[in-house]
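**Student:** This is the structure, below, for whatever I ask next.
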Amino acid sequence: MTVKKALLGKANFAVDLGDGSERAFYVDQDYILNKLGRPHRGINLMFCYYPFDEAWPQRVQDAYKDADINFAWDYPYDNYFPYTGGLEGDTTGEPFISMKDVRRHGQDVILTITADPAIRDEQISAIAKDLSTYGRIMVRLNHEATGSWFSFNKRASYQEVADFFVRFTNIIHKEAPNVQMILCIDGCPNLEQDEIDKEKEFAEAVRVADIWSTDKYIALNYGWPYEVAEKDNDRHKLDDYKYVYELVKKTFKRYTYINGGVTKPMIISEFNADGDVTGPYRQCELVKAFCDLIEKDEEQGWFSGFTFYQFRDDGRLGLEWTDSNNSANGIELPLLAAYRDIINKDYYKPSITCDKDVSLPVKLRWGGAEDSEGISIPLTFEKDPVFAEANFPDSLKDANLMMEIAGRWFYKAPGVTFVDFMPAFFGKKINAGEVINLNIFAPPASGENDPSQGDDWQTNYYFEMKELPDIRLRFEPVM
Numbered sequence: 159m160t161v162k163k164a165l166l167g168k169a170n171f172a173v174d175l176g177d178g179s180e181r182a183f184y185v186d187q188d189y190i191l192n193k194l195g196r197p198h199r200g201i202n203l204m205f206c207y208y209p210f211d212e213a214w215p216q217r218v219q220d221a222y223k224d225a226d227i228n229f230a231w232d233y234p235y236d237n238y239f240p241y242t243g244g245l246e247g248d249t250t251g252e253p254f255i256s257m258k259d260v261r262r263h264g265q266d267v268i269l270t271i272t273a274d275p276a277i278r279d280e281q282i283s284a285i286a287k288d289l290s291t292y293g294r295i296m297v298r299l300n301h302e303a304t305g306s307w308f309s310f311n312k313r314a315s316y317q318e319v320a321d322f323f324v325r326f327t328n329i330i331h332k333e334a335p336n337v338q339m340i341l342c343i344d345g346c347p348n349l350e351q352d353e354i355d356k357e358k359e360f361a362e363a364v365r366v367a368d369i370w371s372t373d374k375y376i377a378l379n380y381g382w383p384y385e386v387a388e389k390d391n392d393r394h395k396l397d398d399y400k401y402v403y404e405l406v407k408k409t410f411k412r413y414t415y416i417n418g419g420v421t422k423p424m425i426i427s428e429f430n431a432d433g434d435v436t437g438p439y440r441q442c443e444l445v446k447a448f449c450d451l452i453e454k455d456e457e458q459g460w461f462s463g464f465t466f467y468q469f470r471d472d473g474r475l476g477l478e479w480t481d482s483n484n485s486a487n488g489i490e491l492p493l494l495a496a497y498r499d500i501i502n503k504d505y506y507k508p509s510i511t512c513d514k515d516v517s518l519p520v521k522l523r524w525g526g527a528e529d530s531e532g533i534s535i536p537l538t539f540e541k542d543p544v545f546a547e548a549n550f551p552d553s554l555k556d557a558n559l560m561m562e563i564a565g566r567w568f569y570k571a572p573g574v575t576f577v578d579f580m581p582a583f584f585g586k587k588i589n590a591g592e593v594i595n596l597n598i599f600a601p602p603a604s605g606e607n608d609p610s611q612g613d614d615w616q617t618n619y620y621f622e623m624k625e626l627p628d629i630r631l632r633f634e635p636v637m
């Protein structure tokens, strides 16, 4: 059987997904993969770190459950789940459990963390150590930092918040070079003003960041969950999607100016149109129209990606909403099917290219969702398959694999010996003699990179494949 090296590379436009926040619990990656048919470039997890607070490390809504709260951010610290690592904690809890799940499924971690600007250098160093084994992780520190609602903005001036970002970034760059830092601020407040909001304070933060971003919702009920959006109240908004797009572009150009004309990747770290404001059908229309602007923009290349907020939401700001009768269940919104169609367009999919022939055993390299080396096995189809599956020998029983065939991705967890590929062919017509590649990649089974694997261990993980899976293709029913 012919086997070629497969190269996994960047999409024209990267799509990331938020999974869990103050508005919802984390949903496991097996469920999301089966719903959407493909992994994302990255999964955003949202946590907070306020180690000097008396109630820490309780989640603040639990510590102050009897408090009189009328706005989501009125608690003493931010109502995200607590970051349990750092100098005072350990890495056996969250977000590390979820981070491992994300990486096992062939996705990069985006860790959003709000933190007390007063934390000491040694506490930042401990966080760097926590993150050093998670490959090409992105950290979004103190997002929406030119706002006024998060606890860190209530404890420090804008200059102090900006200086904290620079201090945190410098320590991370030195002690965990696998980590890229995301600066998330409001950017240009309108199309008439050239400067970004709080530009003087955040200019150095713009320069030291690895990735630039802003959060933009076409529609948002920011009074949730304490106010239902109605025509006669005002804690919600709706913007023109074209205006939002141009504002993000203007912000990127200003970031570039501040950085001496040198560009960096530009993303929207939180993007959606809130169904609380628009209803479910207009929500779909606005998201699709915004993505249409991305695809047709004549100035391609300036915009690197967005993080869709989020998979499941307790309100209407997700692809699913949480079943109020059973929070373990999600109820699919019309937006899920629309979003699935968008991200399965070639424009948003990572590239997979075949390279030279290889022979077994072959070493697979997992660098991340935009830079990995696997294998490609060409399979010839007589017609539409009735059975298409893989059976794994003992040498692959404990392998952790992400596999793509006919545009659909499948996961094989350690211990699994059988994967059914037929969902890739439901509703499709296969031509007689058509050759379809089975592409196989090997993210780390533990979710972490291995320090014993060489000098590049922080950014690359290696797996040796000694045998191929046994592929069973049948084109007629058994009986």
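Residue 626 in the numbering used here is what sits at position 468 of the sequence shown, and the numbering runs on without skipping anything.
The C-beta atom is built at its ideal place from N, Cα and C for all residues, glycine as well.
In this text, all values refer to a predicted model and were calculated from it rather than measured experimentally.
Using a beta-carbon distance below 8 angstroms, is F599 in contact with chain B?
**Tutor:** This model lacks chain B altogether, as it is built from one protein chain only.
**Student:** Nearest to P383 by CA position, among E453, F239, K389, N228, is which residue?
**Tutor:** N228
**Student:** Would you identify the three-state DSSP class for R262, choosing helix, strand or coil?
**Tutor:** helix
**Student:** If you run the structure through DSSP and keep just helix, strand and coil, what is L203?
**Tutor:** Three-state DSSP puts L203 in a strand.
**Student:** According to DSSP, simplified to helix, strand and coil, what is A221?
**Tutor:** helix
**Student:** Buried or exposed: which applies to D274, given that a residue is buried once 16 or more other Cβ atoms fall within 10 Å of its Cβ?
**Tutor:** buried
**Student:** In angstroms with no decimal places, state the Cα-to-Cα distance between T270 and E302.
**Tutor:** 11 angstroms
**Student:** CB G381 to CB I425, shorter than 8 angstroms?
**Tutor:** no
**Student:** Since A320 contacts E362 with CB under 8 angstroms, what's their CB separation in whole angstroms?
**Tutor:** Right, their Cβ atoms sit about 7 angstroms apart.
**Student:** Assuming G244 and P209 form a contact by the criterion Cβ under 8 angstroms, report the distance between their Cβ atoms to the nearest whole angstrom.
**Tutor:** 7 angstroms
**Student:** Just to confirm before moving on: does the CB-CB distance between V297 and V324 stay below 8 angstroms?
**Tutor:** no
**Student:** Whose C-beta lies closer than 6 angstroms to the C-beta of N595 among residues of the same chain, with five residues either side of it excluded?
**Tutor:** S534, P536
**Student:** I need the DSSP call for V267, collapsed to helix, strand or coil.
**Tutor:** strand
**Student:** Do the CB positions of D639 and D355 come within less than 8 angstroms of each other?
**Tutor:** Outside the displayed span of the chain (159 to 637) sits residue 639, for which this structure offers no information.
**Student:** Three or more beta-carbon pairs under 8 angstroms between the stretch 581–593 and the stretch 500–516, yes or no?
**Tutor:** no
**Student:** How long is the line joining the alpha carbons of L522 and F576, rounded to whole angstroms?
**Tutor:** A direct Cα-Cα distance of roughly 21 angstroms separates L522 from F576.
**Student:** Which term fits M580, buried or exposed, when burial requires 16 or more other beta carbons within 10 angstroms of its beta carbon?
**Tutor:** exposed
**Student:** With 16 as the cutoff for other CB atoms within 10 Å, does R632 come out buried or exposed?
**Tutor:** exposed
**Student:** Using the DSSP secondary-structure output, state which residues sit across from D339 in a beta bridge.
**Tutor:** According to the sequence as given, residue 339 is Met; it is not Asp. Looking at the DSSP assignment, M339 forms a beta bridge with V297.
**Student:** Mind checking who P536 pairs with in its DSSP beta bridge?
**Tutor:** Assignment of beta-bridge partners to P536 by DSSP yields N595.
**Student:** Between T409 and the rest of its own chain, which residues show a CB-CB distance below 6 angstroms, the 5 nearest in sequence each way excluded?
**Tutor:** G345, C346, T372
**Student:** Using only the alpha-carbon positions, how far apart do Y399 and L626 sit?
**Tutor:** 48 angstroms
**Student:** Tell me the start and end of each unbroken alpha helix (DSSP H) in the stretch 408–489 that is at least 4 residues and wholly inside, in chain order.
**Tutor:** Entirely contained in the stretch 408–489, the alpha helix (DSSP H) runs reaching 4 residues are, in chain order, 433–454.
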